[in-house]
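The opening position of the sequence shown corresponds to residue 316 in our numbering, with each subsequent residue numbered one higher.
Glycine included, each C-beta is placed from N, C-alpha and C at the ideal position.
Remember, it's a predicted structure, so these values are computed and weren't measured experimentally.
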Amino acid sequence: PAAEPQIFTDKTFVITGTLSIRRYDFRKLIEQAGGVLAGVVTNQTDFLLMGAKGVGTVKYRKAESLNVPIITEEQFRAMIK
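This is how it looks when you write it as structure tokens:
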């Protein structure tokens with residue numbers, strides 16, 4: 316079988332809010348595509364993956380202040396297809 320595409324090579328994600336599946340499962344999806352899951356938003360963060368109730372969280376506000384792209388679960392799934 317072909318190797319998984321590494322579309323997130325050198326990309327760092329942070330998750331906030333409530334998602335439709337466990338964070339562990341998102342971590343696997345991110346890592347399979349070459350990315351890394353971090354716990355806090357920094358200027359090295361490439362994407363904040365935001366679930367329900369994610370607006371207004373500390374991570375959300377930090378991402379906004381650093382101009383980190385904030386994506387929804389649906390946008391994330393579209394990226395990995």
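Which of helix, strand or coil DSSP assigns to residue i
i           : result
residue 353 : strand
Alpha-carbon to alpha-carbon, residue j and residue i
i           : j           : result
residue 393 : residue 322 : 12 Å
residue 352 : residue 344 : 10 Å
residue 355 : residue 329 : 6 Å
residue 325 : residue 376 : 23 Å
residue 378 : residue 387 : 13 Å
residue 336 : residue 364 : 13 Å
residue 369 : residue 349 : 24 Å
Exposure of residue i, with buried meaning 16 or more beta-carbon neighbours within 10 Å
i           : result
residue 385 : buried
residue 374 : buried
Assumed close pair residue i, residue j - CB separation to whole angstroms, cut-off 8 Å
i           : j           : result
residue 333 : residue 367 : 4 Å
Please go through the region 318 to 377 and give each complete alpha helix (DSSP H) segment of 4 or more residues, from N-terminal end onward. Whole alpha helix (DSSP H) segments, 4+ residues: 338 to 347.
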